[in-house]
Every structure is written in C-alpha cells, then in structure tokens.
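K.L.:
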Amino acid sequence: MSATRLSIFPLPGALLFPGMHLPLHIFEPRYRAMMTDSLARDRRIAMIQPKAGGEKPPLFEIGCVGRIADVEALEDGRFNVVLEGLSRFRILRELEVTTLFRQVEAELIADPEHETLSMGERAALELESRRFAELQGYAVDWNAVTRLDDTSLVNGIAQIAPFDPAAKQALLETDRLGDRAELIIQLMQFFGRHEGEEGTLQ
Numbered sequence: 001m002s003a004t005r006l007s008i009f010p011l012p013g014a015l016l017f018p019g020m021h022l023p024l025h026i027f028e029p030r031y032r033a034m035m036t037d038s039l040a041r042d043r044r045i046a047m048i049q050p051k052a053g054g055e056k057p058p059l060f061e062i063g064c065v066g067r068i069a070d071v072e073a074l075e076d077g078r079f080n081v082v083l084e085g086l087s088r089f090r091i092l093r094e095l096e097v098t099t100l101f102r103q104v105e106a107e108l109i110a111d112p113e114h115e116t117l118s119m120g121e122r123a124a125l126e127l128e129s130r131r132f133a134e135l136q137g138y139a140v141d142w143n144a145v146t147r148l149d150d151t152s153l154v155n156g157i158a159q160i161a162p163f164d165p166a167a168k169q170a171l172l173e174t175d176r177l178g179d180r181a182e183l184i185i186q187l188m189q190f191f192g193r194h195e196g197e198e199g200t201l202q
C-alpha cells in the first residue's frame, strides 16, 4: 500500500472513526497554521492520540484521517471545524519538517467495504447498548438506531460512548467490525459495572 503524507493533530481524548463527524475548535497558532495549509491543499487532517503530555509527545501508531466537511473562520484567526472520518491510518515514520505542526508518512488502512455484523452480533450490540444507555440515563432514539447500517452503528457508538481514551484507542485499532462490536459490548459491561468508581468514566 502506498504511503501518504499527513498533517497530524495530536489531541488527547478526541478520536475520530471512519464515517463519523468530529467538531473541533482550533485556536493554537500551530493548528491554525495547519488548518490554513489543509484548506489550501487537500482539506485533510489526521487525528492521532498522544501517549503522554508535553510539547512533542510520542504518538499511538493508528489514527484516523478526517476531511474538513465544514469550517467557520473566525475574525481572530480561530476556526470552528467539523471533520468527517475518511480512513484509519498507520504511522510509518515522522517527517522532519519546518512547519509549526507535525507531519508523518503513513499508510491508509483499507477497511472492507459494506462490512456487516451477523444477526446475533447486531442483536447483542443493540441489547447491551439499551442496557448501558438506561444505566447512564441517556435518552436514545432507538427507532433511528435500528435504521443505522452496521458500520455506522458500531463506529458511532465507539466514537460517542463515554469510555476512556485508552479504551477508544483499542476500538480504533480493532480491524474487523464484528470484533469492534464485541469489544464495545465488553467495555459497556465493564464501565457499567464500575460506574461511579473513580477513574473509570470520563
């Protein structure tokens, strides 16, 4: 698979999944520069999780490339942006650059098109999602949920569920849709059991 050059946005806890949308408020000078560059070039921004804090922290290997689907440029140079997830990627190496923002050479991960769950996998995921939502006190339009295709359901839950960043990173790194659905169920059961204990739900 051919390598591609990506501008990366290492933001703790902000994970993007393919097909999903992520709103961002961009105010730091280096990421304002990245936005300007991206809008002039290919409208792509690669979201990645840092492994630690600091000015130039080490990064997880897998992230998700987003396309700028909507942008509002504010008068003071800040941006309100909505990213649409395009594809997962794997970092091959970080590039030596003169830009304020970091750039990497990466390979895009081609997930299977129109991947589906078995009837049992789908039913188990919907059942556990209902139980978890009730436990958390969430109001959910279950009629709308049942109309979602399997990929939108799995990736949508993975992105919005109140799991910690490490759990969401594990979901992003899971290749097969059925395996990601199974991990979501396990996480819902774990976080549901441990709700209220310090350090579990963020």
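The sequence shown begins at 1 in the UniProt record's numbering and counts up by one.
Built from N, CA and C at the ideal position, the CB exists for glycine as well.
Treat the numbers as computed from the prediction; the structure is a model and nothing was measured.
Does the Cβ-Cβ distance between G54 and G66 come in under 7 angstroms?
P.N.:
No, these two residues do not count as a Cβ contact at 7 angstroms.
K.L.:
Helix or strand or just coil, what does DSSP make of S87?
P.N.:
It is a strand residue.
K.L.:
Bridge partners of H25, per DSSP?
P.N.:
H25 is bridged to N80.
K.L.:
Have a look at L117, A167 and A123 and flag the residue whose alpha-carbon is nearest the alpha-carbon of A14.
P.N.:
Answer by Cα proximity: A167.
K.L.:
What residue range is occupied by the uninterrupted beta strand (DSSP E) comprising G63?
P.N.:
Where G63 is concerned, the enclosing beta strand (DSSP E) stretches over I62 to A73.
K.L.:
Pop quiz: I48 and I8 are said to be a contact at Cβ under 8 angstroms. What is the actual Cβ separation, rounded to whole angstroms?
P.N.:
I48 to I8, Cβ: 5 angstroms. Contact.
K.L.:
What separation, rounded to the nearest whole angstrom, lies between the Cα atoms of residue 215 and D141?
P.N.:
Since the displayed the chain opens at 1 and closes at 202, residue 215 lies outside it and no answer follows.
K.L.:
Count the other C-beta atoms from every protein chain shown that fall within 10 angstroms of the C-beta of V97, then say buried if there are 16 or more, exposed otherwise.
P.N.:
With fewer than 16 Cβ atoms within 10 Å of its Cβ, V97 is classed as exposed.
K.L.:
What separation, rounded to the nearest whole angstrom, lies between the Cα atoms of G199 and F163?
P.N.:
At G199 the pLDDT is 37, less than 50, meaning the model places this residue with poor confidence; the figure from the coordinates comes in the next sentence. Whole-angstrom Cα-Cα distance: 11 angstroms.
K.L.:
Measuring CB to CB, does P23 end up less than 7 angstroms from P50?
P.N.:
For P23 and P50, no; Cβs fall outside 7 angstroms.
K.L.:
Roughly how far, in whole angstroms, is the beta-carbon of L92 from the beta-carbon of A106, given that I think they are within contact range, below 8 angstroms?
P.N.:
About 6 angstroms separates the two Cβ atoms, so the contact holds.
K.L.:
Count the other C-beta atoms from every protein chain shown that fall within 10 angstroms of the C-beta of A40, then say buried if there are 16 or more, exposed otherwise.
P.N.:
A40 should be labelled exposed.
K.L.:
Going by DSSP, name the residue or residues bridged to F9.
P.N.:
Beta-bridge pairing links F9 to M47.
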